[in-house]
Amino acid sequence: MLPVMPNAPNLLRFTPVPLQRRARGWTPDAQAAFIAALAQCGIVAHAARSVGCSPRSAYHLRARPGADSFAAAWDWAIEMGLDAARDRAMALIHDAAPRPLFRGRREVGYRTGPDHRIMFAALRSLAGDVEGLRAHMPHRVRIDQREQTEQARSDLL
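For the sequence shown, numbering that gives the first Met the number 0 assigns the number 0 to the initial residue and increments by one for each residue that follows.
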């Protein structure tokens, strides 16, 4: 097992996808950095670009044989990333930092106070949790299926 981050939860520890060629690209270190970035932002494209790879290649890596551990860590990282993004959005609701105000391409002043777009995005995220919409997201369904499979295996033994 390769630890992704210091003090990482066991959910983010995974076995790197075995690759037979290319010294660059999706090395075990790049895979670990990708999972760590995904746990911070929850967005595959941002996490892939942060390690110098494309989102398309990340999905190809996930689909390779032997990527089960990587895929499980990916799903949990998205879950953690969504939580982290919501927490940052909730913190920004009360942020009164001045934001530039533009007319055309010219800066005409500053606006202070809460950013209502961030506030509404955070509220939509919370509503999704309350209404159970997040439970039907693809990554959450895969997590639940894995947990059910593990439970069934443990019941058989």
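Where is the CB? At the ideal position from N, CA and C, for every residue including glycine.
Secondary structure of residue i, DSSP reduced to three states
i: Leu91; result: helix
i: Pro137; result: helix
i: Gly108; result: strand
i: Leu156; result: coil
i: Asp143; result: helix
Cβ neighbours of residue i in the same chain (closer than 6 Å, five flanking residues each side left out)
i: Ile142; result: Asp74
Own chain residues within Cβ distance below 7 Å of residue i, not counting five before or after
i: Cys40; result: Ala46, Gly80, Ala84
i: Val43; result: Leu37, Pro54, Ala57
Cutoff 8 Å; reference residue i; Cβ partners in own chain excluding five residues on either side
i: His93; result: Pro113
Bridge-paired residues (DSSP) for residue i
i: Leu100; result: Gly108
Cutoff 7 Å: residue i Cβ touching any chain C Cβ
i: Val140; result: The chain inventory of the structure shown lacks chain C, comprising one protein chain alone.
Notebook entry, point to check: Does the count of Cβ pairs from the stretch 17 to 36 and the stretch 61 to 75 closer than 8 Å reach three?
Noted result: yes
**Report entry** Every unbroken beta strand (DSSP E) inside the stretch 12 to 89 [3 residues or more]
**Finding:** none
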